[in-house]
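Residue numbers (my numbering), protein chains in the order written: chain A, 1 to 115; chain B, 116 to 404; chain C, 405 to 811.
Glycine included, each C-beta is placed from N, C-alpha and C at the ideal position.
Note that the structure is predicted; figures quoted are calculated from it, not measured.
I have placed the structure first, in the form of C-alpha cells, so that the comments after it can refer back to it.
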Amino acid sequence: MSKPKSWRDIPPATIAWGATAREVETGLWRSMRPVLDRKKCVSCLKCWLQCPDASILTDEDGKVTAVNLFFCKGCGICAEVCPVKAISMHPESDFANDTEKHGENPGNVGEYIGS
Amino acid sequence: MCPGCGAPTALRQAFMGIDAPVVVVGATGCLEVSTTVYPYSAWRTPFMHVAFENAGAAVSGVEAAYKAMKNKGNFKENIKFVAFGGDGGTYDIGLQSLSGALERGHDFTYICYNNQGYMNTGAQRSSATPQNASATTSPAGSVLPGKLQRAKNLTEIVAAHNIPYVAQTSLHNPMDLIMKVKRAVETPGPAFVNILVPCPLFWRIDQGDQVKLCKLAVDSKFWPVYEVENGVYSLSYTPKSEVPVEEFLKAQGRYAHLFKKGKERPDIVEHAQKEIDAEWEKLKGKCEK
Amino acid sequence: MAKTLEMLVNTLARNVEKHKEMTSGNLAFAEAMRQINPDVVAAYPITPSTEIPMRFAEFVADGQVDTEYVAVESEHSAITACVGASVSGGRVMTASSANGVGLMHEVFPIAAAFRAPIVFGLVNRSLGAPVNIHCDHSDSMPERDSGWVQIYCEDAQEVYDTALLSVRLAEHKDVLTPVFVCQDGFITSHCYEAVEMLSDEAVKEFVGERTPHYPLLDVDNPVSYGSFVMSEHYFEIKRNQMEGMFNVPRVYDEVSKELAAYTGREYPMLDCYRTEDAEYVVVIMSSAAGVVKDVVDDLRNRGIKAGCLRVRMFRPFPREAVKDALAGKKGVAVLDRSASIGGTAPIASEVKSALYDLSEKVPVQEYIFGLGGRDFFPKDAEMVFEMLEENDYTSDARFIGLLEGDK
Numbered sequence: 001m002s003k004p005k006s007w008r009d010i011p012p013a014t015i016a017w018g019a020t021a022r023e024v025e026t027g028l029w030r031s032m033r034p035v036l037d038r039k040k041c042v043s044c045l046k047c048w049l050q051c052p053d054a055s056i057l058t059d060e061d062g063k064v065t066a067v068n069l070f071f072c073k074g075c076g077i078c079a080e081v082c083p084v085k086a087i088s089m090h091p092e093s094d095f096a097n098d099t100e101k102h103g104e105n106p107g108n109v110g111e112y113i114g115s
Numbered sequence: 116m117c118p119g120c121g122a123p124t125a126l127r128q129a130f131m132g133i134d135a136p137v138v139v140v141g142a143t144g145c146l147e148v149s150t151t152v153y154p155y156s157a158w159r160t161p162f163m164h165v166a167f168e169n170a171g172a173a174v175s176g177v178e179a180a181y182k183a184m185k186n187k188g189n190f191k192e193n194i195k196f197v198a199f200g201g202d203g204g205t206y207d208i209g210l211q212s213l214s215g216a217l218e219r220g221h222d223f224t225y226i227c228y229n230n231q232g233y234m235n236t237g238a239q240r241s242s243a244t245p246q247n248a249s250a251t252t253s254p255a256g257s258v259l260p261g262k263l264q265r266a267k268n269l270t271e272i273v274a275a276h277n278i279p280y281v282a283q284t285s286l287h288n289p290m291d292l293i294m295k296v297k298r299a300v301e302t303p304g305p306a307f308v309n310i311l312v313p314c315p316l317f318w319r320i321d322q323g324d325q326v327k328l329c330k331l332a333v334d335s336k337f338w339p340v341y342e343v344e345n346g347v348y349s350l351s352y353t354p355k356s357e358v359p360v361e362e363f364l365k366a367q368g369r370y371a372h373l374f375k376k377g378k379e380r381p382d383i384v385e386h387a388q389k390e391i392d393a394e395w396e397k398l399k400g401k402c403e404k
Numbered sequence: 405m406a407k408t409l410e411m412l413v414n415t416l417a418r419n420v421e422k423h424k425e426m427t428s429g430n431l432a433f434a435e436a437m438r439q440i441n442p443d444v445v446a447a448y449p450i451t452p453s454t455e456i457p458m459r460f461a462e463f464v465a466d467g468q469v470d471t472e473y474v475a476v477e478s479e480h481s482a483i484t485a486c487v488g489a490s491v492s493g494g495r496v497m498t499a500s501s502a503n504g505v506g507l508m509h510e511v512f513p514i515a516a517a518f519r520a521p522i523v524f525g526l527v528n529r530s531l532g533a534p535v536n537i538h539c540d541h542s543d544s545m546p547e548r549d550s551g552w553v554q555i556y557c558e559d560a561q562e563v564y565d566t567a568l569l570s571v572r573l574a575e576h577k578d579v580l581t582p583v584f585v586c587q588d589g590f591i592t593s594h595c596y597e598a599v600e601m602l603s604d605e606a607v608k609e610f611v612g613e614r615t616p617h618y619p620l621l622d623v624d625n626p627v628s629y630g631s632f633v634m635s636e637h638y639f640e641i642k643r644n645q646m647e648g649m650f651n652v653p654r655v656y657d658e659v660s661k662e663l664a665a666y667t668g669r670e671y672p673m674l675d676c677y678r679t680e681d682a683e684y685v686v687v688i689m690s691s692a693a694g695v696v697k698d699v700v701d702d703l704r705n706r707g708i709k710a711g712c713l714r715v716r717m718f719r720p721f722p723r724e725a726v727k728d729a730l731a732g733k734k735g736v737a738v739l740d741r742s743a744s745i746g747g748t749a750p751i752a753s754e755v756k757s758a759l760y761d762l763s764e765k766v767p768v769q770e771y772i773f774g775l776g777g778r779d780f781f782p783k784d785a786e787m788v789f790e791m792l793e794e795n796d797y798t799s800d801a802r803f804i805g806l807l808e809g810d811k
C-alpha cells in the first residue's frame with residue numbers, strides 16, 4: 001500500500017489487509033547469508049520446520065530448493081539444525097559484488113495457515 | 116521479529132497443525148507488534164489485537180459472536196479460534212482474562228509463547244522468569260544474584276481449571292509442538308499450550324542456537340514436556356540421558372553471573388538442580404496415577 | 405403543533421401495536437434488549453446497573469432471546485468481549501456503572517477506533533473514592549473524549565426509546581460508532597413509572613439486521629484489526645475515525661424521525677423547554693431537568709421568563725444548536741452533576757465555548773450539584789434563577805446543596 005494522500009483514503013477501523021507483509025523485505029537486516037549446497041542436502045526439512053521467517057523454499061515434491069533472501073534475516077538456525085551440514089553461513093560482505101538474484105521474490109507468508 | 120527469535124517459529128509450527136479456517140487474537144507483545152506493522156499485516160487469517168491484558172476476553176467475544184451467528188445460519192464453515200500471548204500477556208497481566216475465558220468454556224486454543232520475560236519492553240522480569248536469571252528489572256548485582264523468586268507454574272494453574280486439554284512443549288521437536296496444537300484445536304472447549312521459546316537478546320545466546328537451547332531445557336528437565344488430557348497427565352518426552360541443569364544455565368548469558376571466575380555460585384546451581392529434580396518427581400507422580 | 409399532528413397521523417396510519425407497563429429505567433433498558441435480541445451480551449454486575457444483566461440473564465434462561473450471554477469475570481473483560489463480538493459482525497449490547505466504567509476506560513477508545521457499534525446502558529453513579537452508590541456523572545464524563553456517542557436520558561421512557569434508536573444510530577454505515585445510553589442511577593434506573601413499549605414485531609422491524617463492515621469472521625477476506633501504527637499513519641486513521649462522530653447529527657435526525665413514526669415521540673439533541681422567549685435559562689442534563697422544568701412553569705406563572713435547556717446529546721456536542729438557543733439571553737446558569745477538579749465542569753466548559761462566537765456576550769454561571777446523589781430540590785433551582793435575575797455571578801463554580809457553614 002502506498003501512502004494515502006488524504007485521511008479519506010485510509011481504510012476504516014484501523015484495519016490492514018491480510019498477508020500484505022509479504023511485500024516487506026526483512027532480508028535487508030541480514031549480516032550472515034546461508035548458502036545451500038544442494039548436492040549435500042537430503043531435504044529432511046528440519047531447516048524448513050525451524051526457520052522463523054518461512055524462508056526455506058521447496059518445490060512441489062517437497063525438496064528444498066533455495067533460501068528466500070527477501071525474508072531471510074540470517075539467524076543461522078537452518079545451518080545449526082542441518083544434520084548433513086548442507087547449509088553454511090557466510091558474511092554478506094562476501095557477496096558485495098554478487099549480481100545474481102537469490103530468490104528475491106516475496107514468498108507466501110502464512111501459506112500453511114487456513115485452507 | 117529479531118533474527119533467531121523462537122516466537123515466530125513456534126507460531127509457524129503451531130499453524131501447521133491447524134487444518135481449518137482460523138481466526139487469531141493476539142495479546143500485545145513482540146509477536147503482535149512485529150506481525151502487524153501498519154499498513155502491512157503478516158496474517159493471512161483474520162487477526163485482532165485489542166490490548167495487553169485481555170486476549171482471553173477478546174477471543175471469548177469473537178467466539179460468542181460466531182456461535183450466535185452460526186446458530187442463525189450465517190456460517191456454513193467451522194471456524195477455529197486461536198489466541199496467543201507472550202508470558203507477560205499470559206502469566207501476568209492477562210491471567211485474569213485467560214482464567215475467565217477458560218472457566219467459561221469457550222471453544223478456543225490459547226498459545227503462550229513463553230520466553231520467560233517482558234521482551235517487547237526490553238528484557239524485564241516476569242513471573243515466568245526463572246530464579247537467578249538476570250533481567251533488567253531483576254539484574255544480577257554485587258549483592259543480588261538476579262531474580263530472587265521462582266517462576267510461576269502456569270501450566271499447572273491452567274490445568275487446575277479442569278479444561279479438556281493442556282500441554283507444555285518447546286521447539287526441541289517440531290512434531291511434538293505441531294501435534295499438540297492439532298489436538299488442542301480439535302478438542303472442543305478451551306485448550307492451552309505453553310511453548311518455551313528462547314529470546315536470543317534476553318537469554319543472551321547466539322541467534323542460531325534456539326533449537327539447541329530448547330533441547331538443553333528439555334533434556335535437563337528444566338522444561339518438562341507433557342500434556343494433560345481431561346485431567347490425565349502424560350509425559351511426552353523423557354530424556355534418554357539427563358543433562359545437568361548447569362549445562363542449560365551455562366549456555367546463557369543471563370546466568371553468566373553464576374559462573375563468573377572467582378565469583379562462582381555452585382550453591383545456587385546445586386539448589387536449582389535439587390528443585391528441578393523434585394518438580395520432575397512430582398510431575399512423574401501425576402503421570403503414573 | 406403541526407409537526408406533532410403529522411407524527412400522530414403517521415403513527416395512527418402505521419397502527420403500531422403498543423402497550424404501557426409500570427417499570428424502571430433499568431428494566432426498560434433490559435426489555436429493549438430483549439426486543440432487540442442482540443447476538444452477544446457480555447456484562448459484569450455493578451450497582452446500580454446490575455438489574456440490566458440480571459433481567460437479561462432471565463431472558464436467556466427462559467429462551468426468550470437467541471443471544472450468547474457471556475458472564476465475564478470483570479468489566480474490562482466485558483467491554484473487551486463486546487469489542488471482539490462487535491468486530492466479528494455481531495450486534496452487541498452491555499451495561500455498567502461507576503468504577504466498572506472506570507475499569508473499562510482503556511478499551512473504550514479501542515472500541516471507537518475499531519468502529520464497533522456497541523450499545524451501552526450506562527447507569528450513572530459516582531466514581532469512588534469514597535465509595536458511594538448514588539448518582540452523579542463522574543463515571544461517564546471522563547469518557548467524553550473516548551470517541552463514543554453520549555446520550556443522557558431524563559426518564560425511563562426516554563431510556564427505552566433511546567436504546568432502540570441507538571442500535572440504528574451506532575450501526576449506521578456513516579456512523580459506526582459505539583453509543584452510551586446514560587440514565588441517572590437509582591433516580592431513573594430504579595424508580596417505577598409508566599413506559600409505553602412497542603410490540604416485539606415493531607422493534608424487530610425498526611432495528612432490522614446489522615450489516616457489518618469488514619467483519620473479522622470473514623475468513624475469505626482476512627483483515628487485521630488493531631495494528632501497530634507509527635506517526636506516518638496514526639493521525640490520518642484518527643481523523644478518519646472522527647468522521648463517524650461528525651455524521652451523528654444527520655443520521656440521528658433521520659433515525660429518530662423514523663422511530664417517532666412508531667412511537668409518536670421524538671427527542672431532539674437539545675430539549676428546549678420554554679427557552680424560546682426566555683430571559684433566563686438553566687442548562688442541565690438527565691433526570692434533574694424535570695425539577696428545573698417544574699420550577700420554570702412556576703416562575704412563568706409568576707411572570708418570570710425562565711427556561712430550561714436540557715442537553716440530551718453530549719457527544720457529539722450540539723454546539724451550534726446551543727449557541728442558537730442561548731443567544732440574546734440575559735443570563736445562563738449551567739448545572740453540572742460532575743466536576744472537572746481544577747478546571748471548568750464538563751457542560752459549563754462546552755456551553756461557554758459554544759457562546760464564545762456570539763458578538764453580544766451572554767453571562768454564564770457554573771454550578772456543581774448532586775455529587776454522590778445529593779438531592780436537588782425545586783428551591784435549589786429557584787435560587788439559581790433568583791441569582792440570575794439579580795445578575796449575581798462569580799468566576800468560580802458555585803456548589804448547590806453543599807454544607808458550607810457561614811460563608
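For the C-beta of residue 323 (chain B), the chain A residues within less than 7 Å are, from N- to C-terminus, 75, 76, 77, 79 and 80. In the DSSP secondary-structure assignment, residue 448 (chain C) is not bridged to any residue. Put simply, of B:353, B:136, B:362 and B:255 the residue whose alpha carbon is nearest the alpha carbon of residue 625 (chain C) is B:136.
In terms of beta-carbon proximity, residue 546 (chain C) stays away from the interface with chain B, with every pair separated by 8 Å or more.
The alpha-carbon of residue 738 (chain C) is positioned some 15 Å away from that of residue 793 (chain C).
Ranked by Cα distance from residue 765 (chain C), the first of C:735, C:619 and C:575 is C:735. Counting C-beta pairs with one atom in each stretch, the segment 514-525 of chain C and the segment 183-201 of chain B have fewer than three that are closer than 8 Å, which means they do not touch. Close partners of residue 128 (chain B) in chain A (Cβ separation under 7 Å): 49. Its Cα nearest to that of residue 206 (chain B), the residue B:241 stands out among B:241, B:175 and B:189.
Neighbours of residue 313 (chain B) across chain A, judged by C-beta separation under 9 Å, do not exist; the nearest C-beta is about 10 Å away. Neighbours of residue 29 (chain A) across chain C, judged by C-beta separation under 7 Å, do not exist; the nearest C-beta is about 18 Å away.
Residues of the segment 209-233 of chain B with a C-beta less than 9 Å from any C-beta of chain C: 211, 212, 214, 215, 216, 218, 219 and 221, listed in chain order. For residue 121 (chain B), the closest alpha carbon among the candidates A:40, A:54 and A:42 is that of A:54. Membership of residue 587 (chain C) in the beta strand (DSSP E) is indicated by the continuous run 583-588. Contact annotation for residue 182 (chain B) against chain C: 472 [CB-CB distance below 8 Å, chain order]. DSSP places residue 717 (chain C) in the strand class (E or B) of the three-state scheme.
Nearest in C-alpha terms to residue 425 (chain C), of all of C:564, C:685, C:777 and C:449, is C:564.
Taking 9 Å as the Cβ-Cβ cut-off, the segment 9-36 of chain A approaches chain B at 10, 11, 14, 15, 16, 17, 18, 19, 20, 21, 22, 23, 24, 26, 29, 30, 31 and 32, given in chain order.
If you draw a 10 Å sphere on the C-beta of residue 177 (chain B), you find 16 or more other C-beta atoms in it, and that means buried.
Around residue 318 (chain B), the same chain offers 367 and 369 as residues with beta carbons nearer than 6 Å, after the five sequence neighbours per side are excluded. Counting only residues of its own chain and dropping the five nearest sequence neighbours on each side, residue 785 (chain C) has a CB closer than 7 Å to the CB of 686, 695, 696 and 699.
Shown here, residue 222 (chain B) sits in coil according to DSSP, grouped into three states, outside any helix or strand. Taking a Cβ-Cβ cut-off of 8 Å, the neighbours of residue 476 (chain C) in chain B comprise 172, 175, 215 and 219, given in sequence order. Between the alpha carbons of residue 493 (chain C) and residue 267 (chain B) lies a gap of roughly 37 Å.
Here DSSP, grouped into helix, strand and coil, assigns residue 159 (chain B) to coil. Looking from the CA of residue 744 (chain C), the closest CA among C:799, C:542 and C:575 belongs to C:542.
Chain order gives the chain B residues near residue 514 (chain C) as 165 and 166, where near means a beta carbon separation below 7 Å.
Taking 8 Å as the cut-off, the beta carbon of residue 569 (chain C) is found no closer than this to the beta carbon of residue 496 (chain C). Looking at the DSSP output, residue 349 (chain B) sits in a beta bridge with B:342. DSSP places residue 573 (chain C) within a helical segment (H, G or I) once states are collapsed to three. Spatial neighbours of residue 524 (chain C) in its own chain (CB-CB distance under 6 Å, excluding positions within 5 residues in sequence) are listed in chain order as 498 and 584.
For the pair residue 548 (chain C) and residue 719 (chain C), the Cα-to-Cα distance works out to about 7 Å.
Shortest Cα-Cα distance from residue 503 (chain C) to any of C:521, C:534, C:655 and C:522 involves C:534. Between the alpha carbons of residue 239 (chain B) and residue 272 (chain B) lies a distance of about 23 Å.
Here the alpha carbons of residue 724 (chain C) and residue 444 (chain C) stand approximately 37 Å from one another. The segment 37-55 of chain A makes contact with the segment 71-81 of chain A, as at least three CB pairs between them are under 8 Å.
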